[in-house]
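K.L.:
Those protein sequences? They're chains A and B, same order as listed. Be aware that the first sequence starts at 1, since it is given in full-length UniProt numbering, and climbs by one per residue. Be aware that the second sequence starts at 1, since it is given in full-length UniProt numbering, and climbs by one per residue. Glycine included, every Cβ here is placed at the ideal spot set by N, Cα and C.
There are 2 protein chains.
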Amino acid sequence: MTSRRGGEPHSPRMAADVEEPAGEAVRLGPLADYIGYHLRLAQEASFRAFAQRVGDEDLKPQRFAMLTLIRENPGLTQAALGRASGRDKSTVTPALDDLERRGLITRERTARDRRSYAVRLTPEGEAVLAELTRHAAAHDRALDEIVGRENKAEFLNLLRRIAAALG
Amino acid sequence: MTSRRGGEPHSPRMAADVEEPAGEAVRLGPLADYIGYHLRLAQEASFRAFAQRVGDEDLKPQRFAMLTLIRENPGLTQAALGRASGRDKSTVTPALDDLERRGLITRERTARDRRSYAVRLTPEGEAVLAELTRHAAAHDRALDEIVGRENKAEFLNLLRRIAAALG
DNA sequence: ACAAGATGGTTTGCGATCAAACTATACCGC
DNA sequence: GCGGTATAGTTTGATCGCAAACCATCTTGT
């Protein structure tokens, strides 16, 4: 095979059988020691495991966090909820639309600031959250096992430091 | 489309000024000790800091990881790239379309397996990656500082363990 | 009190991502 | 070989997320 050059996207050039790392042994290079890279892989693995545990039909981690924050801070505003859960306000709106449609939360206008809503759980929301919390607790116990009891506190502190320093 | 203009709340109930956590002191409840929750916040903070550092116009962490993996494993397939970077193959395709359009990578059919492409960096891709690597290294040095030199190895190991155990 | 700016919420536009359906090719058992 | 199954890549459809534009309301400076 002659090695052709050229810049056509998707032009099917043939390559002789060169090195081809083929096997699963992919080298990570500098990535291997980057905190950011491993942070992403770990977070996504955790996310998927959680979603799988509660079932595809159910509520995802993001919704769970929002419901918990609402229960812990009844009447909080959407903006406060967004800050606490690390989501943009334009993400909070449709998420709450969904939770409201499902009858899990209420939005009430407040006299104090008529721009904002006071968000609260409905009894139904409390019930669903209680169920979700069981799944979440089981999920986090699994994470605890992986991390190890003796390392958890330090690990959490490092994660908090990263979020705080870069947030 | 939840078509609802700012004027009409869905259930326009007025709430007298009840507790209203108002201030920024939002209680996290059980979330405070969940590894998954802090993992997500830390990852997103890191992601945003990286994107900001390389500039909005430039390539995001995901593209950087892909370019690095291609450089470290020239000729690897899209499937292998997806596995290594933790992305679905249907995510890899448009990402490589973009990188190819920018002239940073090439896709060549191989004789060995005519279903797959051998992906490689162009000289232009090498140059862009070199520049990106400088930013990434600076970013990770910042993370190193936050985590602390003496904690980094252990921290990385825990992240790897989580990704491996739940992946 | 009033104008200027800040803030809460919604909408729109865009990119990233996955899952599932599909095509083409490779591999395996017989 | 042949058929069945597995794999590489693409396409489509859906969800999630952010940023920016926008309106309504609150706050602040003077």
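Just to confirm, is the Cβ distance from A:Pro43 to B:Leu81 under 7 Å?
P.N.:
Residue identity check: residue 43 of chain A is Gln in the sequence provided, not Pro. Taking 7 Å as the Cβ cut-off, A:Gln43 and B:Leu81 do not qualify as a contacting pair.
K.L.:
Threshold first: 4 residues or longer. Then list the alpha helix (DSSP H) segments lying entirely within the UniProt domain "HTH marR-type" (32 to 164) of chain A, N to C.
P.N.:
If one requires a minimum length of 4 residues, the alpha helix (DSSP H) runs lying completely within the UniProt domain "HTH marR-type" (32 to 164) of chain A are 35 to 54, 61 to 72, 78 to 85, 89 to 101 and 123 to 147, in chain order.
K.L.:
On the three-state DSSP scale, how would you describe B:Ala29?
P.N.:
What sits at residue 29 of chain B in the sequence shown is Gly, not Ala. It is helical.
K.L.:
With 7 Å as the limit, tell me which residues of the region 114 to 132 of chain B have their beta carbon closer than that to any beta carbon of chain A; keep them in chain order.
P.N.:
Going along the region 114 to 132 of chain B in chain order, one finds Ala118 with a Cβ nearer than 7 Å to chain A.
K.L.:
Where B:Leu67 and B:Ala138 are concerned, what is the direct C-alpha to C-alpha distance, given to the nearest angstrom?
P.N.:
17 Å
K.L.:
Measuring straight from C-alpha to C-alpha, what distance separates A:Ala153 and B:Leu158?
P.N.:
About 12 Å.
K.L.:
Can you grab the Cα-Cα spacing for the pair A:Tyr37 / A:Ser46, in whole Å?
P.N.:
14 Å
K.L.:
Assign B:Ser90 to one of two classes, buried (16 or more other C-beta atoms within 10 Å of its C-beta) or exposed (fewer than that).
P.N.:
exposed
K.L.:
Starting from B:Gln43, find everything on chain A with Cβ-Cβ shorter than 7 Å and list it in chain order.
P.N.:
Leu39, Arg40 and Gln43
K.L.:
How about B:Gly29 and A:Glu72: do their beta carbons lie closer than 7 Å?
P.N.:
yes
K.L.:
Drop a sphere of 10 angstroms on the beta-carbon of B:Asp140, count the other beta-carbons inside from all chains shown, and report buried for 16 or more, exposed for fewer.
P.N.:
buried
K.L.:
Rounded to whole angstroms, how far is the Cβ of A:His135 from the Cβ of A:Arg53, which I believe are closer than 8 Å?
P.N.:
5 Å
K.L.:
Count the other C-beta atoms from every protein chain shown that fall within 10 angstroms of the C-beta of A:Ala95, then say buried if there are 16 or more, exposed otherwise.
P.N.:
Taking every protein chain shown into account, the CB of A:Ala95 has 16 or more other CB atoms within 10 angstroms, so this residue is buried.
K.L.:
Since B:Ser90 meets chain A, which of its residues come closer than 8 Å, beta carbon to beta carbon?
P.N.:
What B:Ser90 touches in chain A: nothing, since even the nearest Cβ is about 16 Å away.
K.L.:
Closer than 8 Å by beta-carbon distance: list the chain A residues that pair up with B:Pro30, in chain order.
P.N.:
Per Cβ cutoff of 8 Å: Thr68, Thr133, Ala136 and Ala137.
K.L.:
Are the CB atoms of B:Gly103 and B:Thr122 nearer to each other than 7 Å?
P.N.:
yes
K.L.:
Strictly under 7 Å for the Cβ-Cβ distance: is A:Asn73 near chain B by that measure?
P.N.:
yes
K.L.:
Using a Cβ cut-off of 7 Å (strictly closer), state whether residue 172 of chain B contacts chain A.
P.N.:
As shown, chain B starts at 1 and ends at 167. That puts residue 172 of chain B outside it, with no answer to give.
K.L.:
So is A:Ala84 in contact with chain B if we call contact Cβ pairs under 7 Å?
P.N.:
At least one CB of chain B lies nearer than 7 Å to the CB of A:Ala84.
K.L.:
Give every residue of the same chain whose Cβ lies closer than 7 Å to the Cβ of B:Thr110, excluding the five residues on either side of it in the sequence, and list them in chain order.
P.N.:
Ser116 and Ala118
K.L.:
Would you grab the beta carbon distance between B:Ala165 and A:Ile146 for me? Rounded to a whole angstrom, and I think it's under 8 Å.
P.N.:
5 Å
K.L.:
Relative to the alpha-carbon of A:Leu69, which residue among A:Arg101, A:Ala49, A:Gly55 and A:Ile105 has its alpha-carbon at the smallest distance?
P.N.:
A:Ile105
K.L.:
Can you check whether the C-beta of A:Arg161 is within less than 7 Å of a C-beta belonging to chain B?
P.N.:
For A:Arg161, the answer is yes, since a Cβ of chain B falls inside 7 Å of its Cβ.
K.L.:
Out of A:Tyr34, A:Arg27, A:Ala25 and A:Val26, state which residue places its alpha-carbon closest to the alpha-carbon of B:Thr133.
P.N.:
A:Tyr34
K.L.:
To the nearest angstrom, how far is it from the Cα of B:Asp113 to the Cα of B:Ala127?
P.N.:
29 Å
K.L.:
Suppose contacts are defined by Cβ-Cβ distances below 7 Å. Is B:Leu76 in contact with A:Ala163 by that definition?
P.N.:
no
K.L.:
Sort A:Glu108, A:Leu143 and A:Arg27 by Cα distance to A:Pro74 and report the nearest one.
P.N.:
A:Pro74 has its Cα closest to that of A:Glu108, out of A:Glu108, A:Leu143 and A:Arg27.
K.L.:
For B:Gly55 and chain A, any beta-carbon pair shorter than 7 Å?
P.N.:
no
K.L.:
Please list, in chain order, the chain B residues whose beta carbon lies closer than 8 Å to that of A:Ile35.
P.N.:
Ser46, Asp140, Leu143, Asp144, Val147, Lys152, Phe155, Leu156 and Leu159
K.L.:
Would you mind telling me which residues of chain A sit closer than 9 Å to B:Pro61, beta carbon to beta carbon, in chain order?
P.N.:
Gly36, Tyr37 and Arg40
K.L.:
Under 7 Å Cβ to Cβ from residue 168 of chain B, same chain only, skipping five residues before and after it: list those, please.
P.N.:
Missing from the structure shown is residue 168 of chain B; chain B here goes from 1 to 167 and no further.
K.L.:
How would you list, in chain order, the residues of chain B whose beta-carbon sits under 7 Å from the beta-carbon of A:Gly167?
P.N.:
Ala45
K.L.:
Which value, in whole angstroms, describes the spacing of the CA atoms of B:Ser167 and A:Arg27?
P.N.:
Rather than Ser, the amino acid found at residue 167 of chain B in this sequence is Gly. In a straight line, the C-alpha of B:Gly167 is about 18 Å away from that of A:Arg27.
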